[in-house]
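K.L.:
The listed protein sequences derive, respectively, from chains A and B. Sequence positions in the first sequence follow the UniProt record's numbering and run 1 to 495. Sequence positions in the second sequence follow the UniProt record's numbering and run 1 to 843. From the three backbone atoms N, C-alpha and C, an ideal C-beta is built for every residue, glycine too. I'd like to ask you about the structure that follows.
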Amino acid sequence: MDFENYYEITRVAGFIHAHNFSRVALQFPDELLKDSRKVVSALRHLLQNSDESHGTAKLYVMADTTYGSCCVDEVGAAHVKADCVIHYGHTCLSPTTTIPAFCVFGKAPLKASNCAESLYNYTVKGGKPILVLFGLEYAHAMPDIKEALNVEAVRFHDSNSGFQIHFANVTNSVITPSTSMKLENRHLMLNGDQDNNEDSSQKTDTKFRLGGLGWSLPEGHRMEDYLLFWIGLDNSAFTNFILTFNSCEIVRYDAIEGCLKTDVSQQAKILKRRYYLVEKAKDANMVGILVGTLGVAGYLDMIHQMTELVTRAGKKAYTFLMGKPNPAKLANFPECDVFIYVSCAQTALLDSKEFLAPIITPFEALIAFNRGSQWTGAYSMEFQDVVASQPAEVEDEAESRFSFFQGGYVEDFKLQEGKEDKDAVLSLVNVTEKALLLQNKDSELLSRRDAKSGAEFFAARSYQGLEIHSSDSFPEPFLIGRTGKASGYEDEQSK
Amino acid sequence: MVKFTAEELRKIMDLKHNIRNMSVIAHVDHGKSTLTDSLVAAAGIIAQEVAGDVRMTDTRADEAERGITIKSTGISLYYEMSDEALKNYKGERQGNVYLINLIDSPGHVDFSSEVTAALRITDGALVVVDCVEGVCVQTETVLRQALGERIRPVLTVNKMDRCFLELQVDGEEAYQTFQRVIENANVIMATYEDPLLGDVQVYPEKGTVAFSAGLHGWAFTLTNFAKMYASKFGVDESKMMERLWGENFFDPATRRWTTKNTGSPTCKRGFVQFCYEPIKQIINTCMNDQKDKLWPMLQKLGVTMKSEERELMGKALMKRVMQTWLPASNALLEMMIFHLPSPSKAQRYRVENLYEGPLDDPYANAIRNCDPEGPLMLYVSKMIPASDKGRFFAFGRVFSGKVSTGLKVRIMGPNYVPGERKDLYVKNVQRTVIWMGKKQETVEDVPCGNTVAMVGLDQFITKNATLTNEKEVDAHPIRAMKFSVSPVVRVAVQCKVASDLPKLVEGLKRLAKSDPMVVCTIEESGEHIIAGAGELHLEICLKDLQEDFMGGAEISKSDPVVSFRETVLEKSCRVVMSKSPNKHNRLYMEARPMEDGLAEAIDDGRIGTRDDPKNRAKILSEEFGWDKDLAKKIWCFGPETTGPNMVVDMCKGVQYLNEIKDSVVAGFQWASREGALAEENMRGICFEIRDVVLHADAIHRGGGQVIPTARRVIYASQLTAKPRLLEPVYLVEIQAPEQALGGIYSVLNQKRGHVFEELQRPGTPLYNIKAYLPVIESFGFSSSLRAATSGQAFPQSVFDHWDMIPSDPLESGTQAAQHVAVIRKRKGLKEQITPLSDYEDKL
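Structural data, given as structure tokens:
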């Protein structure tokens with residue numbers, strides 16, 4: 001594909017020019033970084049040509065983003081005091097907090113005729129209205145597909161009235177910053193909450209917006225009535241759709257292989273696995289909140305909301321900021337029984353097999369830690385929905401919680417403590433008594449389940465810090481250490 | 001027709017010396033429930049005539065339909081003794097009225113957890129043995145359990161009617177059969193000699209053995225006959241009793257007792273002469289309708305029949321006559337009252353078994369003395385579904401104090417640790433109920449020594465708990481029950497309609513409550529799992545789940561699944577090494593199989609985390625040949641910190657080693673829970689840490705670096721030590737006549753089972769076969785066995801051990817590899833086992 005076309009140099013230049021940005025950060029994901037130099041020079045060339053009077057905009061290349069490369073790296077951009085970010089490659093189109101961003105999706109090759117044929121055949125077979133969704137990298141091919149579809153219909157002498165195909169649209173490739181204040185009236189309910197829509201538009205259509213795509217359904221139609229046709233890769237964006245619309249039938253058109261994938265068993269599996277993680281999270285005593293974004297609008301509110309949620313559930317919350325989480329990083333905090341990953345919708349699902357503790361999304365945390373809320377199958381990953389769906393606290397005092405891991409009732413520690421601590425003197429006595437208890441030195445580790453806070457966990461560890469042997473207080477003799485790389489020190493390579 | 005009101009009954013409850021709590025235990029189909037019904041009939045809850053035909057204690061439709069008991073049922077009986085009958089009673093008593101709290105338990109091995117729960121709250125056991133089939137595997141199991149709980153047994157040799165009607169054996173032969181049955185039972189009991197419990201063997205001449213025909217509602221002990229003959233011979237009863245059993249012969253011709261058969265044709269054994277023959281005679285006379293002969297005989301025995309009963313013919317007449325002459329209830333209830341301990345007597349020695357705390361604290365003392373004024377100590381042994389859907393009665397035994405309606409109690413769950421608040425609730429008892437088969441009576445309070453059902457606690461007790469008064473914060477709980485079966489068979493359940501999930505969750509919760517053994521969990525893949533003791537158990541559970549606990553919502557279930565274990569065959573072929581993610585730390589490890597019996601010792605809790613390390617070292621060095629110093633270097637057990645795998649530190653002089661111990665342990669717990677082959681638990685693997693290289697800076701050898709590395713090196717050492725799968729194996733006992741043996745063998749062969757014992761029961765045409773059968777092959781075993789033997793063979797399977805599948809799971813195409821593939825597929829794992837190279841690093 002044409003380089004100029006792929007990176008949409010002209011459009012980008014036009015955008016910068018139109019808004020008169022003077023400092024522009026170009027954010028590249030790792031796989032496109034190799035082209036960054038060419039992009040910059042092409043862009044600079046264009047900007048200089050088009051605009052003689054103003055001082056040319058300064059361009060910065062940003063790479064190796066701290067969090068998912070699909071999000072706009074606002075902190076990185078702030079380092080160079082950029083006015084705007086041009087984001088290249090796969091994006092989640094999550095709203096930003098402070099800086100406007102322009103997204104270049106890239107253009108992945110697609111055989112429009114082939115795709116249209118598959119779509120047409122599927123439509124004829126399916127017998128239900130169809131909604132076409134696609135990966136943003138295929139957005140460019142949509143007009144071609146629509147056209148090809150018409151050709152297809154004509155070829156089979158079929159009147160277009162026999163079936164319905166709805167196409168989703170890319171909402172906007174420009175992200176304007178929105179604060180959490182604006183969020184509430186700007187964003188739509190996923191499940192098509194009519195009340196919210198009516199004041200903004202008189203239309204009776206139900207609007208949906210997810211992962212940068214927007215579409216509307218005629219009044220009275222629900223998502224379940226549609227068959228979903230996904231054009232694109234089996235990536236996180238697709239998973240996002242699968243989970244959110246898990247009651248719909250979804251097929252995927254793989255543009256690389258040029259064929260239809262109808263196997264949807266994976267879909268049920270992912271959802272069940274998430275259900276398991278939620279059940280597991282219910283048993284947690286200590287919860288780590290992982291900050292997985294510093295850009296997506298509303299992330300701070302979300303973190304606060306999560307902290308509050310966890311504390312109210314009688315558990316201990318710790319907040320971690322660690323960039324992209326990996327097993328080694330998280331294993332440094334073995335005291336956490338579960339982590340909540342606050343991040344944009346498309347990086348939120350981390351398959352936790354390699355991790356010591358499960359990682360769940362804020363939505364799942366809501367189900368897990370809100371007593372009385374149940375797993376109904378409805379699923380959501382975007383912050384806005386999670387914030388909005390905060391249900392009224394159901395104080396379910398009547399029954400203690402049943403754990404499927406311990407096969408019985410378990411009660412969360414703090415919930416009970418709160419009640420009993422009214423008797424302050426008694427609780428003081430209890431604490432003192434506990435502290436004065438003779439601990440068996442040889443007793444093994446408390447199991448992870450038992451510790452209620454980081455301090456307790458630490459107290460239960462067999463190693464708690466430096467062991468100073470008072471018998472030999474003389475300084476150790478000076479020794480020469482090893483040299484070389486950790487993968488094989490110099491004295492070892494000889495072996 | 002209830003003979004007593006709740007108030008009357010409540011009054012007797014205070015007489016702690018006049019209470020007997022007992023359970024009826026036996027092998028399946030030896031007639032427990034039928035016998036129990038004749039007792040219930042005597043206590044007046046159902047009409048006398050239908051006893052033996054209607055099983056009062058089987059309260060569920062499916063129980064009646066299958067003819068087996070599934071749930072244990074408790075009934076309170078009331079019995080009044082005459083002064084005459086009590087004149088030989090030496091123990092303490094308060095008047096002549098007695099309250100017998102009786103629990104009928106299931107005999108099928110799949111439900112033996114119900115037996116365990118029943119035994120906990122009773123002090124005595126009536127062991128029922130079929131006089132023809134004799135002592136069977138389940139008799140042995142329950143008897144062993146009873147003695148472990150310090151339950152005093154009495155025996156009844158049941159189905160006497162078979163001797164007279166079916167087998168028509170003569171007196172001497174019958175005596176030999178009975179003698180053998182009693183002897184077999186005594187052999188088992190003798191192995192559980194317990195100084196506190198005293199001699200637990202049973203002797204007919206002491207009145208601790210009864211002979212009964214549950215179906216016909218009659219029974220006797222030698223006491224009955226001794227009384228009858230004592231005056232005739234002018235000797236005292238106890239002397240007479242001795243003569244009626246054992247090597248005592250009587251020759252009516254010479255009217256002399258001898259200890260040897262004199263050879264004279266009229267010389268017969270005392271038992272035969274005075275007990276067996278008279279009964280046989282009466283039965284034969286009745287069966288032949290020789291009424292003219294019958295009435296004088298009955299008159300001599302002092303039996304009077306009602307006029308309408310005189311019209312009966314044949315079997316019905318025989319039944320009626322025998323019931324009038326030797327009513328089962330009198331013989332059995334008197335035997336229980338005489339020979340089983342009252343709560344106050346039993347708790348004196350049972351307190352050691354029951355109470356977890358120090359044996360000199362006020363709670364232990366209250367239990368020991370069965371003190372109604374002491375602090376409340378109550379053990380809830382099971383939950384019984386109540387008539388309003390979804391609620392349960394908490395059923396248990398008051399060991400001390402009183403439980404009353406409205407009382408605020410401390411509920412200590414199975415995981416409660418004194419001084420902590422885990423698994424602890426303070427709630428009100430809404431109502432106390434005495435539970436009597438189909439009828440419940442609300443009472444104000446229930447004092448110690450009795451069984452009780454409570455309303456309003458079901459939402460805080462899963463299966464069992466200890467209750468005490470609100471303020472008794474120092475009380476320790478009563479020891480948890482130990483089950484003889486384990487839940488090895490599992491099915492995954494799923495609701496057919498996705499939106500029924502909340503119903504399913506609720507249903508599983510209730511199911512877990514309703515059965516002491518069933519375990520409801522969730523798999524990694526998000527499937528709900530129900531685990532039970534066997535196929536029948538699961539079938540019943542699923543039925544209950546769908547019909548009773550989910551309101552009929554449709555569920556689909558997977559085929560039964562068996563969990564495997566992963567182990568190793570040899571020591572690792574080399575020391576393997578893994579590097580931490582930052583390459584700065586290295587762990588060197590080897591895996592080796594544990595010594596024979598060590599895994600079992602850990603399972604049984606003989607060796608464990610909580611032991612004194614010195615003690616542990618002693619057992620390890622003496623029984624398993626470990627080096628004493630090495631035994632002290634065990635870092636941990638796993639999975640779940642108690643499992644049958646361990647990590648041993650074998651390295652010397654490694655700096656900072658202590659620092660990574662916790663991280664290695666965490667990695668080990670994780671890895672031993674999910675082995676490298678198919679993410680099944682590991683079993684019987686000892687991991688030896690050979691060497692450790694750590695980075696000099698603490699920051700680079702933290703948990704993040706070491707935990708994943710420990711996991712990887714454990715997998716690597718497992719894979720290099722010839723990993724193998726272990727499968728669970730049932731011990732199957734089958735009793736069948738000779739002609740069915742061929743069918744049994746062919747079915748067993750087909751199912752990979754092998755017979756290791758085949759014995760003919762002396763005096764019967766029956767064979768007793770013991771075999772090992774892989775659990776995975778056991779599905780449908782019962783039905784194919786029935787088909788192959790035209791219904792003559794009935795198997796009893798109980799989990800026995802883990803057996804190694806000899807083939808190599810790493811070699812494709814082998815049986816073990818197929819199992820691994822199936823498990824991995826089910827769990828949604830990659831088809832291929834992760835290769836060793838992913839876990840092992842090279843320098």
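1) According to DSSP, is K81 (chain A) helix, strand or coil?
2) Compute the beta-carbon to beta-carbon distance between I289 (chain A) and V338 (chain A), rounded to the nearest angstrom, for a pair I have assumed lies under 8 Å.
3) Kindly indicate which three-state DSSP category S180 (chain A) falls into: helix, strand or coil?
4) Between T641 (chain B) and Q669 (chain B), is the Cβ-Cβ spacing less than 8 Å?
5) Leaving out five residues before and five after N185 (chain A) in sequence, what residues of the same chain have Cβ atoms less than 6 Å from its Cβ?
6) On a Cα-Cα basis, can you pick out the residue from A:K316, A:E249, A:I165 and A:G76 that is closest to E335 (chain A)?
7) Would P327 (chain A) pass as an interface residue toward chain B - the criterion being a Cβ-Cβ separation below 8 Å?
8) I'd like the list of long-range same chain contacts for A475 (chain B), defined as Cβ closer than 6 Å, with 5 residues on each side in sequence excluded.
9) Among B:M481, B:C136, B:C495 and B:K503, whose alpha-carbon lies nearest the alpha-carbon of L374 (chain A)?
10) Would you check if the region 812-830 of chain B and the region 568-582 of chain B touch, i.e. whether three or more CB-CB distances between them fall below 8 Å?
11) Tell me the residue span of the alpha helix (DSSP H) that contains C520 (chain B).
12) Which residues, in order along the region 143-167 of chain B, keep a beta-carbon less than 7 Å from a beta-carbon of chain A?
13) Over the uninterrupted beta strand (DSSP E) stretch that includes V665 (chain B), give me the two end residues.
14) Does any residue of chain A have a CB that is nearer than 8 Å to the CB of I805 (chain B)?
15) Give a yes or no on contact between the region 79-93 of chain A and the region 24-41 of chain A, applying the rule of three or more CB pairs nearer than 8 Å.
16) Where do the N-terminal and C-terminal ends of the beta strand (DSSP E) with L759 (chain B) fall, by residue?
17) Which of the three DSSP states, helix, strand or coil, is assigned to E198 (chain A)?
18) Compute the distance between the beta-carbons of V28 (chain B) and I68 (chain B), then report whether it is under 8 Å.
19) Tell me the rounded alpha-carbon separation between F134 (chain A) and L542 (chain B).
20) Identify the contact partners of A213 (chain B) in chain A, using a Cβ-Cβ distance below 7 Å as the criterion.
21) If I measure Cβ to Cβ from I602 (chain B) and keep anything under 7 Å in the same chain, skipping five residues before and after, which residues do I get?
22) By the three-class DSSP mapping on this structure, what secondary structure does I529 (chain B) have?
23) So which residues of chain E does G488 (chain A) contact, with C-beta pairs closer than 7 Å?
24) Within 8 Å (strictly less), CB to CB, does I100 (chain B) reach chain A?
25) State whether the region 367-381 of chain A contacts the region 110-124 of chain A, with contact taken as three or more CB pairs (one from each stretch) at a distance under 8 Å.
26) Between T567 (chain B) and A676 (chain B), which are expected to be in contact by the criterion C-beta below 8 Å, what is the C-beta distance as a whole number of angstroms?
27) Using three-state DSSP, classify W375 (chain A) as helix, strand or coil.
28) Do the region 100-109 of chain A and the region 133-149 of chain A touch if we need at least three Cβ pairs shorter than 8 Å?
29) So if DSSP puts D130 (chain B) in a beta bridge, which residue, or which two residues, is it bridged to?
30) Please report the distance separating the alpha-carbon of A328 (chain A) from that of G703 (chain B).
31) Taking 8 Å as the cut-off, decide whether the C-beta atoms of F102 (chain A) and V174 (chain A) are in contact.
32) On the premise that M322 (chain B) lies in contact with M287 (chain B), defined as a C-beta separation below 8 Å, what is that separation, rounded to the nearest angstrom?
33) Looking only at its chain, what residues have a beta carbon closer than 6 Å to the beta carbon of K618 (chain B), apart from the 5 residues adjacent to it on each side?
34) Quick check: the Cα distance between M322 (chain A) and M594 (chain B), rounded to an integer number of angstroms?
35) In chain order, what residues of the same chain lie with their CB nearer than 6 Å to the CB of H90 (chain A), ignoring the 5 residues before and after it?
36) Going along chain A in order, which residues have a C-beta closer than 8 Å to the C-beta of E524 (chain B)?
P.N.:
The structure says:
1) Residue mapping note: residue 81 (chain A) aligns to position 81 of the first sequence, counting from 1. Coil, per DSSP.
2) As a working mapping, residue 289 (chain A) is identified with position 289 in the first sequence. As a working mapping, residue 338 (chain A) is identified with position 338 in the first sequence. Actually they do not touch by this definition, with Cβ atoms about 10 Å apart.
3) Within the first sequence, residue 180 (chain A) is the residue found at index 180, counting from 1. With a pLDDT of 40 at S180 (chain A), under the threshold of 50, the modelled position of that residue is not reliable, and the figure given next carries that caveat. DSSP places S180 (chain A) in helix when its eight states are reduced to three.
4) In the second sequence, counting from the first residue as 1, residue 641 (chain B) sits at position 641. In the second sequence, counting from the first residue as 1, residue 669 (chain B) sits at position 669. Between T641 (chain B) and Q669 (chain B), the gap from beta carbon to beta carbon is short of 8 Å.
5) Locating residue 185 (chain A) in the first sequence gives position 185, counting from the first residue. Confidence at N185 (chain A) is low in this model, with a pLDDT of 36, below 50, so its placement is unreliable and the value that follows should be read with caution. Closer than 6 Å at the Cβ level, and outside the excluded window around N185 (chain A), lies no residue.
6) Locating residue 335 (chain A) in the first sequence gives position 335, counting from the first residue. Checking every option, the nearest Cα to that of E335 (chain A) belongs to A:K316.
7) Translated into the one-based positions of the first sequence, residue 327 (chain A) becomes position 327. For P327 (chain A), the nearest beta carbon of chain B is closer than 8 Å to its own beta carbon.
8) Residue mapping note: residue 475 (chain B) aligns to position 475 of the second sequence, counting from 1. Here A475 (chain B) has Y363 and T468 as same chain residues with Cβ atoms under 6 Å from its own Cβ, once five neighbours each way along the sequence are excluded.
9) Position 374 of the first sequence, counting from 1, holds the residue named residue 374 (chain A). Here residue 374 (chain A) turns out to be Gln, not Leu, going by the sequence shown. Shortest Cα-Cα distance from Q374 (chain A) to any of B:M481, B:C136, B:C495 and B:K503 involves B:K503.
10) Not touching, per the Cβ criterion.
11) As a first step, residue 520 (chain B) is located in the second sequence; it is residue number 520 there, counting from the start. From DSSP, C520 (chain B) is part of no alpha helix (DSSP H) but of the beta strand (DSSP E) over V519 to I522.
12) Those would be none; no residue qualifies.
13) One-based indexing of the second sequence puts residue 665 (chain B) at position 665. V665 (chain B) -> not in any beta strand (DSSP E); alpha helix (DSSP H) instead, spanning L657 to R673.
14) Translated into positions along the second sequence, residue 805 (chain B) becomes position 805. Cβ-Cβ to chain A under 8 Å: no for I805 (chain B).
15) Touching, per the Cβ criterion.
16) Residue 759 (chain B) sits at position 759 when you count from the first residue of the second sequence. For L759 (chain B), the enclosing beta strand (DSSP E) stretches over residues H754 to Q760.
17) For the purposes of this step, residue 198 (chain A) is taken as the residue at position 198 of the first sequence. Confidence at E198 (chain A) is low in this model, with a pLDDT of 38, below 50, so its placement is unreliable and the value that follows should be read with caution. Reduced to three states, the DSSP call for E198 (chain A) is helix.
18) Working through the second sequence from its first residue, we reach residue 28 (chain B) at position 28. Working through the second sequence from its first residue, we reach residue 68 (chain B) at position 68. Yes, they are a contact pair.
19) Reading the first sequence from its first residue, position 134 is the one you call residue 134 (chain A). Reading the second sequence from its first residue, position 542 is the one you call residue 542 (chain B). For the pair F134 (chain A) and L542 (chain B), the Cα-to-Cα distance works out to about 44 Å.
20) What you label residue 213 (chain B) is simply residue 213 of the second sequence in a count that begins at 1. Contact annotation for A213 (chain B) against chain A: no contact, minimum CB-CB distance about 43 Å [criterion: below 7 Å].
21) Taking the first residue of the second sequence as position 1, residue 602 (chain B) is located at position 602. Hits under 7 Å: G608, F637 and P644.
22) Position 529 of the second sequence, counted from the first residue, corresponds to residue 529 (chain B). Strand at I529 (chain B).
23) Of the protein chains in the structure, A and B, none is chain E.
24) Counting from one through the second sequence, the residue named residue 100 (chain B) turns up at place 100. Chain A, which has no Cβ nearer than 8 Å to the Cβ of I100 (chain B), makes this no.
25) No: the two stretches stay apart, fewer than three of their Cβ pairs being nearer than 8 Å.
26) Reading the second sequence from its first residue, position 567 is the one you call residue 567 (chain B). Reading the second sequence from its first residue, position 676 is the one you call residue 676 (chain B). Not really, about 12 Å apart at Cβ, beyond 8 Å.
27) Residue numbering aside, residue 375 (chain A) sits at position 375 when the first sequence is read from its first letter. W375 (chain A) sits in coil when the DSSP states are folded into three classes, being neither helix nor strand.
28) With the rule of 3 Cβ pairs closer than 8 Å, the region 100-109 of chain A counts as touching the region 133-149 of chain A.
29) To locate residue 130 (chain B), count along the second sequence from 1; it is residue 130. Paired residue(s): B:N158.
30) The count along the first sequence starts at 1 and reaches residue 328 (chain A) at position 328. The count along the second sequence starts at 1 and reaches residue 703 (chain B) at position 703. Each residue's Cα considered, the two are about 8 Å apart.
31) One-based indexing of the first sequence puts residue 102 (chain A) at position 102. One-based indexing of the first sequence puts residue 174 (chain A) at position 174. Judged by their CB atoms, F102 (chain A) and V174 (chain A) are nearer to each other than the 8 Å cut-off.
32) Sequence index remark: in the second sequence, residue 287 (chain B) carries index 287 (1-based). Sequence index remark: in the second sequence, residue 322 (chain B) carries index 322 (1-based). Actually they do not touch by this definition, with Cβ atoms about 11 Å apart.
33) Counting from 1 along the second sequence, the entry for residue 618 (chain B) is found at position 618. Nothing listed; no residue qualifies.
34) Along the first sequence, one-based indexing puts residue 322 (chain A) at 322. Along the second sequence, one-based indexing puts residue 594 (chain B) at 594. Linking M322 (chain A) to M594 (chain B) through their CA atoms gives a straight-line distance of about 42 Å.
35) By one-based count along the first sequence, residue 90 (chain A) stands at place 90. Excluding positions up to five away in sequence, the list reads C70.
36) As a working note, residue 524 (chain B) is residue 524 in the second sequence. At a C-beta separation below 8 Å, E524 (chain B) has these neighbours in chain A: R273 and Y276.
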